[in-house]
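Beneath this line is the structure, given in structure tokens, with notes to follow.
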Amino acid sequence: MKPPIILSTPSSAELAEDIRLLIAGYGEPAADRPAPRALHREWFLDGETYLRIEQPVQHEHVVIVGSTRTAEELLEIVSLSWQVVRDGAERLSIVIPYFGYSTMERAVRSGEVVRAKVNATILSSIPTPPGGKVIFLVDLHAEGIQHYFEGNASVVHLYAKGAILAKVKELLRGGTRSLVVGSADTGRAKWVESYANELGAEIAIITKRRLDGSTTEIFNVGGVDVQGKTVLLYDDMIRSGGSITKAAQAYRKAGAATIIMACTHLILTVGGEAQTLQKVLDQADALITTDSIRSADSLNNAPESAGKLHFVSIASLLAAAVVAGGRVDEPLTDLPPSAP
Numbered sequence: 049m050k051p052p053i054i055l056s057t058p059s060s061a062e063l064a065e066d067i068r069l070l071i072a073g074y075g076e077p078a079a080d081r082p083a084p085r086a087l088h089r090e091w092f093l094d095g096e097t098y099l100r101i102e103q104p105v106q107h108e109h110v111v112i113v114g115s116t117r118t119a120e121e122l123l124e125i126v127s128l129s130w131q132v133v134r135d136g137a138e139r140l141s142i143v144i145p146y147f148g149y150s151t152m153e154r155a156v157r158s159g160e161v162v163r164a165k166v167n168a169t170i171l172s173s174i175p176t177p178p179g180g181k182v183i184f185l186v187d188l189h190a191e192g193i194q195h196y197f198e199g200n201a202s203v204v205h206l207y208a209k210g211a212i213l214a215k216v217k218e219l220l221r222g223g224t225r226s227l228v229v230g231s232a233d234t235g236r237a238k239w240v241e242s243y244a245n246e247l248g249a250e251i252a253i254i255t256k257r258r259l260d261g262s263t264t265e266i267f268n269v270g271g272v273d274v275q276g277k278t279v280l281l282y283d284d285m286i287r288s289g290g291s292i293t294k295a296a297q298a299y300r301k302a303g304a305a306t307i308i309m310a311c312t313h314l315i316l317t318v319g320g321e322a323q324t325l326q327k328v329l330d331q332a333d334a335l336i337t338t339d340s341i342r343s344a345d346s347l348n349n350a351p352e353s354a355g356k357l358h359f360v361s362i363a364s365l366l367a368a369a370v371v372a373g374g375r376v377d378e379p380l381t382d383l384p385p386s387a388p
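Here the numbering used here is used: the sequence shown runs in plain steps of one and ends on residue 388.
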């Protein structure tokens with residue numbers, strides 16, 4: 049079976065190339081292997097974008113990689129998908145490393161727009177080619193979002209836990225006896241339990257109370273005593289850094305000796321990425337994240353990040369899922385070209 053044709057949005061280009069190389073059978077991603085030119089993109093002065101798919105896609109399996117952090121990225125994924133189906137693609141895989149607006153998964157007040165549902169509906173409207181359409185999502189903020197998709201698309205929810213835990217164990221050098229797994233709030237309790245079970249660690253949970261409409265206060269660190277221990281503090285995403293830094297401060301106050309933060313999606317405040325990252329790193333001994341949003345190179349100018357910021361790639365997880373056409377137990381690191 050031929051390797052698929054892989055297209056991507058600009059922000060996911062490096063991740064898409066790593067996926068391409070893994071599927072092509074090169075094993076570990078190699079930066080010195082040039083990608084075939086598959087997509088031509090131009091930006092006009094009025095802000096519009098010109099797109100042209102330069103490889104024939106008829107009877108091919110086409111993979112489109114892109115996060116939906118912005119409306120522009122969402123529209124490009126939809127536009128490319130419609131075009132490849134129109135041009136005769138046999139099979140379509142849409143890989144969304146980070147599903148944007150995932151915190152807007154329900155309406156709390158009357159009139160609120162449930163953007164996660166709207167975006168899922170838009171993606172569902174993409175035509176399905178003869179060989180089927182699969183949408184891959186990674187570590188959704190709310191599990192229920194996958195059920196917002198409609199029609200005959202297959203939706204696969206993948207988890208980056210394996211890649212993150214491998215880095216945690218590397219940093220701990222295999223020693224997890226004094227490890228406690230914590231969370232920024234009770235909303236991540238099930239995720240924390242899953243990580244703790246994998247590591248054989250105890251759990252500590254932050255409890256918060258709301259002071260007003262926009263302000264919360266941490267008032268308790270519950271569960272196990274963290275005095276003198278290493279706390280692995282997990283959240284699915286870091287945006288402003290407020291929740292995870294306050295939690296880190298609370299664990300420090302409770303006696304934690306070391307704080308390792310981990311998140312799947314390092315989103316950061318738009319326009320203040322370096323400042324937000326520095327605020328987070330100031331409260332951590334290490335920060336582990338994936339390349340779902342960006343590559344390590346995009347943050348190499350962040351002050352004092354060296355030695356604390358650790359990127360792990362989800363390319364092998366995504367490559368394995370694309371080839372399998374669905375859920376996988378283990379990422380593929382050396383996939384031969386003839387793999388089914």
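From the three backbone atoms N, C-alpha and C, an ideal C-beta is built for every residue, glycine too. A quick note: this is a predicted structure, and the numbers were derived from the prediction, not measured.
Any idea if residue i is buried or exposed, counting beta-carbon neighbours within 10 angstroms, 16 or more meaning buried?
i: Leu-99; result: exposed
i: Thr-116; result: buried
i: Val-216; result: buried
i: Val-111; result: buried
i: Leu-93; result: exposed
i: Gly-289; result: buried
i: Lys-301; result: exposed
i: Pro-52; result: buried
i: Thr-312; result: buried
i: Thr-255; result: exposed
i: Pro-177; result: buried
i: Val-269; result: buried
i: Ala-367; result: buried
i: Val-156; result: exposed
i: Ala-78; result: Bear in mind that the predicted position of Ala-78 carries a pLDDT of just 48, short of 50, making it unreliable; the figure below should be weighed with that in mind. Answer is exposed; the Cβ neighbour count stays below 16.
i: Arg-154; result: exposed
i: Gly-95; result: exposed
i: Val-161; result: exposed
i: Lys-50; result: exposed
i: Gly-261; result: Note that Gly-261 has pLDDT 49, beneath the 50 cutoff, so the model's placement of it is unreliable and no number is given.
i: Asp-339; result: buried
i: Thr-151; result: exposed
i: Asp-187; result: buried
Determine which residues share a DSSP beta bridge with residue i and list them.
i: Glu-96; result: DSSP output for Glu-96 lists no bridge partner at all.
i: Ile-89; result: It is worth fixing the name first, because residue 89 is Arg in this sequence and not Ile. Looking at the DSSP assignment, Arg-89 forms a beta bridge with Leu-99.
i: Asn-181; result: Here residue 181 turns out to be Lys, not Asn, going by the sequence shown. DSSP, once it has assigned bridges, lists Leu-140 as partnering Lys-181.
i: Val-113; result: Ser-56 and Val-143
i: Ala-252; result: Gly-230 and Gly-271
i: Ile-174; result: Answer is none; Ile-174 lacks a bridge partner.
i: Tyr-282; result: Ser-231 and Ala-310
i: Ala-359; result: Reading off the sequence shown, one finds Phe at residue 359, where the question assumed Ala. Thr-337.
i: Ser-202; result: Val-182
Compute the Euclidean distance between the alpha carbons of residue i and residue j, then round it to the nearest angstrom.
i: Ala-305; j: Tyr-149; result: 35 angstroms
i: Glu-362; j: Val-370; result: The amino acid at residue 362 is misidentified as Glu; the sequence shows Ile. For Ile-362 and Val-370, the distance between alpha carbons rounds to 12 angstroms.
i: Gly-276; j: Gly-303; result: 6 angstroms
i: Val-27; j: Leu-171; result: With the chain running from 49 to 388 in the structure shown, residue 27 is simply not present.
i: Gln-131; j: Ala-190; result: 30 angstroms
i: Leu-314; j: Met-285; result: 6 angstroms
i: Pro-351; j: Val-360; result: With a pLDDT of only 48 at Pro-351, under the threshold of 50, the placement of this residue in the model should not be trusted; the figure read from the coordinates follows. Each residue's alpha carbon lies about 20 angstroms from the other.
i: Phe-184; j: Pro-145; result: 8 angstroms
i: Ala-9; j: Gly-271; result: This structure cannot speak to residue 9, because the chain is shown only from 49 to 388.
i: Pro-385; j: Thr-317; result: Since pLDDT at Pro-385 reaches only 38, below the 50 mark, its modelled position is unreliable, and no value is offered.
i: Asp-333; j: Glu-218; result: 14 angstroms
i: Glu-321; j: Ile-71; result: 32 angstroms
i: Tyr-282; j: Ala-310; result: 5 angstroms
i: Glu-65; j: Arg-221; result: 31 angstroms
i: Ser-226; j: Thr-278; result: 6 angstroms
i: His-195; j: His-109; result: 25 angstroms
i: Lys-294; j: Leu-365; result: 32 angstroms
i: Ile-67; j: His-107; result: 21 angstroms
i: Asn-167; j: Asp-273; result: 42 angstroms
i: Gln-297; j: Ser-291; result: 10 angstroms
Any 3 or more C-beta pairs closer than 8 angstroms across the segment 189 to 207 and the segment 247 to 256:
Taking a cut-off of 8 angstroms on C-beta distances, the segment 189 to 207 does not touch the segment 247 to 256, as fewer than three cross pairs fall below it.
Could you name each continuous alpha helix (DSSP H) segment of 4 residues or more that falls completely within the segment 206 to 241, going from the start of the chain to the end?
Counting only unbroken stretches of 4 or more residues, the alpha helix (DSSP H) elements lying wholly within the segment 206 to 241 are 209 to 220, in sequence order.
Within the segment 304 to 338, ranges of the alpha helix (DSSP H) (whole runs, at least 4 residues):
Along the length of the segment 304 to 338, whole alpha helix (DSSP H) runs at least 4 residues long occupy 321 to 329, reported in chain order.
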